[in-house]
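J.: If you read the sequence shown in the numbering used here, its first letter stands for residue 431, the second for the next number, and so on.
This is the structure I want to talk about, given as structure tokens.
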Amino acid sequence: MENRGDDAPDRAGLDTGRSAERLAPSLLALTPAQTERAIERLGGRAFHARSLRRHVIQEGRILPEQWTDLSARLRQALMERLPPVAGEETDRRTARDGTVKFLTRFAPSAAAEGVPARQGGAVETVHIPSHRDVGTATLCVSTQVGCPVRCPFCASGRDGLVRGLQGHEILEQYVRGRAIGPLGRSVVMGIGEPLLAYPALAFALEAVRSEMGLGARRITVSTVGFPDRLRQLAPTRPGFQLAISLHSPDDEQRSELVPLMRGVPVEEVLQAGDHWFRETGREVTYEYVLLGGTNDSDGHARRLAERLSRRRATVNLIPYNPVEGDNYRRPAPEHVARFQSLLEERGIVATVRWSRGLEADAACGQLRRRGN
Ligand code: SF4
Numbered sequence: 431m432e433n434r435g436d437d438a439p440d441r442a443g444l445d446t447g448r449s450a451e452r453l454a455p456s457l458l459a460l461t462p463a464q465t466e467r468a469i470e471r472l473g474g475r476a477f478h479a480r481s482l483r484r485h486v487i488q489e490g491r492i493l494p495e496q497w498t499d500l501s502a503r504l505r506q507a508l509m510e511r512l513p514p515v516a517g518e519e520t521d522r523r524t525a526r527d528g529t530v531k532f533l534t535r536f537a538p539s540a541a542a543e544g545v546p547a548r549q550g551g552a553v554e555t556v557h558i559p560s561h562r563d564v565g566t567a568t569l570c571v572s573t574q575v576g577c578p579v580r581c582p583f584c585a586s587g588r589d590g591l592v593r594g595l596q597g598h599e600i601l602e603q604y605v606r607g608r609a610i611g612p613l614g615r616s617v618v619m620g621i622g623e624p625l626l627a628y629p630a631l632a633f634a635l636e637a638v639r640s641e642m643g644l645g646a647r648r649i650t651v652s653t654v655g656f657p658d659r660l661r662q663l664a665p666t667r668p669g670f671q672l673a674i675s676l677h678s679p680d681d682e683q684r685s686e687l688v689p690l691m692r693g694v695p696v697e698e699v700l701q702a703g704d705h706w707f708r709e710t711g712r713e714v715t716y717e718y719v720l721l722g723g724t725n726d727s728d729g730h731a732r733r734l735a736e737r738l739s740r741r742r743a744t745v746n747l748i749p750y751n752p753v754e755g756d757n758y759r760r761p762a763p764e765h766v767a768r769f770q771s772l773l774e775e776r777g778i779v780a781t782v783r784w785s786r787g788l789e790a791d792a793a794c795g796q797l798r799r800r801g802n
């Protein structure tokens, strides 16, 4: 994990006074304490550091002209040596319903002392206006460039994994999202498998909770559910809601739909979910992409209900969004309603999430690595 403690070694590349190079890839790579030290090296004071973090992280103000309480000299020094963000927004699309998808490109970095070279890459983030909390939005963030899970119905996983994101790159998506408008919720459901980028995600979420003010109940992390990792993580009571992408009640079919989980029985995943609930007191949501004619039969609904009966869990049904060049189809609304009622008749709480932002190609499963 990138260290956020006061005595943290300067693993993010904090200046040791040798040169006029950047102090870190961006402000977002530093903890609050590290930021104070960095600002002091630039001739500022601790309160400047607090003010800067408030502008950038709390308010999403990434332009130096928005930091009106900082001197022009300090602003210039910051832009040269500690910029607020490391990436560049290279694409943005807005759907009729107000959903905004944006692409952030991160440059490759050369190896430095103790820090290996990194490939560049672009990731997508989606800002979805909330119906529930009017005036706020839900932000969907990515954790990896590409995805190693390779679900056959998902555009993001087609080319496999390029690299995991760093903590500041995940946090930058939040900051850029905040710049569009206030955030009421966040879902870590974009490109990538969050538990495989966990140290970086934990670093980013710490700032999201403590400096952006999004509480644990407002952050949902969605994973394919590696049982061992969940068992290790649960006792630490991480500050987020857990969602596990199940997509089938049957071992064989799940192995096809979630290839990285081949060989991990569905029951083992569910038991890890039960353990999570016992340890954290928070119910798990099981995500189920409904693929017309594939995993949406009455038998699937009954077997899923059987798997989940006597468990504290809810199901989130996500009707599939068509992706160019694959063989799956979107189920009819009547079919979705039937699947839902078969679950509910058996005592399982099931909601349906019709993805929004289709026009912007921003709906779940449609994030593409354009321009990578
Ligand atoms: S659906 Fe999620 S886990 Fe599966 S390939 Fe796409 S991004 Fe990865």
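Built from N, CA and C at the ideal position, the CB exists for glycine as well.
Less than 7 Å between C-beta atoms, sequence neighbours within five positions excluded: which residues of the same chain meet that for T710?
T.: If we look at T710 and ignore the five residues flanking it on each side, its Cβ neighbours are A664, R667.
J.: Please find out if some non-hydrogen atom of the ligand SF4 comes closer than 6 Å to the beta-carbon of S572.
T.: No, since every heavy atom of the ligand SF4 falls outside the 6 Å radius drawn around the Cβ of S572.
J.: Buried or exposed for L533, going by 16 or more other Cβ atoms inside 10 Å?
T.: The residue is buried, with at least 16 neighbouring Cβ atoms inside 10 Å.
J.: Which value, in whole angstroms, describes the spacing of the CA atoms of G703 and R741?
T.: Between G703 and R741, the C-alpha separation is close to 9 Å.
J.: Grab me the residues of A547's own chain with a C-beta within less than 8 Å of its C-beta, minus the 5 sequence neighbours each way, in chain order.
T.: The answer, listed in chain order, is P538, S539, A540, A541.
J.: Confirm, please, whether the CB-CB distance from F670 to V651 is below 7 Å.
T.: Cβ atoms of V651 and F670: closer than 7 Å.
J.: Going by the DSSP bridge assignment, what does T781 pair with across the sheet?
T.: Answer is N746, bridged to T781.
J.: Keeping to the same chain, check which residues put their C-beta closer than 6 Å to that of S678; ignore five residues upstream and five downstream.
T.: Hits under 6 Å: R684, L687, N725.
J.: By the DSSP assignment, the alpha helix (DSSP H) with L700 in it spans what residues?
T.: Start and end: 696-710.
J.: Please confirm if the segment 555-575 is in contact with the segment 614-624, defined as three or more CB-CB distances below 8 Å between the two stretches.
T.: With a cut-off of 8 Å, the segment 614-624 and the segment 555-575 count as touching, because enough Cβ pairs lie within range.
J.: Quick test of your reading: L472 and L512, contact by CB under 8 Å. State the CB separation rounded to the nearest angstrom.
T.: Sure, about 7 Å apart at Cβ, within 8 Å.
J.: With a threshold of 7 Å on Cβ separation, who are the neighbours of Q549 within its own chain once the five nearest residues in sequence on each side are excluded?
T.: Only P538, V592, R593 meet the Cβ criterion.
J.: On a Cα-Cα basis, can you pick out the residue from P749, G622, T744, V530 that is closest to G722?
T.: Closest by alpha carbon: P749.
J.: Examine the Cβ distances between the segment 511-530 and the segment 596-609 and report whether three or more of them are shorter than 8 Å.
T.: They touch, by the three-pair rule.
J.: I'd like the span of the beta strand (DSSP E) that includes E717, first residue to last.
T.: Where E717 is concerned, the enclosing beta strand (DSSP E) stretches over 714-720.
J.: Going by DSSP, what residue range makes up the alpha helix (DSSP H) through L631?
T.: Residues 628-640.
J.: Buried or exposed, going by whether 16 or more other CB atoms sit within 10 Å of the CB of R783?
T.: It counts as exposed.
J.: Could you tell me the distance, in whole angstroms, from the CA atom of S560 to the CA atom of P612?
T.: Going from the Cα of S560 to the Cα of P612 covers about 10 Å.
J.: Out of D589, G576, L601, state which residue places its alpha-carbon closest to the alpha-carbon of E623.
T.: Here the closest residue by C-alpha is G576.
J.: Among A454, E470, L453, R483, which residue has its Cα nearest to the Cα of E641?
T.: Of the candidates A454, E470, L453, R483, the one whose C-alpha sits nearest the C-alpha of E641 is R483.
J.: By the three-class DSSP mapping on this structure, what secondary structure does T498 have?
T.: Correct three-state label for T498: coil.
J.: By DSSP, does Q671 sit in helix, in strand, or in coil?
T.: Strand, per DSSP.
J.: Checking contacts by CB at 7 Å: is H485 closer than that to chain C?
T.: Absent from the structure: chain C. Only one protein chain is present.
J.: Can you look up H561 in the DSSP assignment and give me helix, strand or coil?
T.: Note: H561 maps to coil in three-state DSSP.
J.: Between A743 and E764, what straight-line distance do the alpha-carbon atoms span, to the nearest angstrom?
T.: C-alpha separation (whole angstroms): 24 Å.
J.: Should M509 go down as buried or exposed, given a rule of 16 or more other Cβ atoms within 10 Å for buried?
T.: Exposed.
J.: Just curious, the beta strand (DSSP E) that T653 is in, first and last residue?
T.: Unbroken beta strand (DSSP E) run through T653: 649-653.
J.: Just confirm the distance between the C-beta atoms of R580 and G565, as a whole number of angstroms; I'd bet it's less than 8 Å.
T.: With a Cβ gap of about 38 Å, R580 and G565 do not count as contacting.
J.: For V696, which residues from the same chain have a beta carbon less than 8 Å from its beta carbon, with the 5 sequence-adjacent residues on both sides left out?
T.: L676, S678, P679, D680, D681, R684, R737, listed in sequence order.
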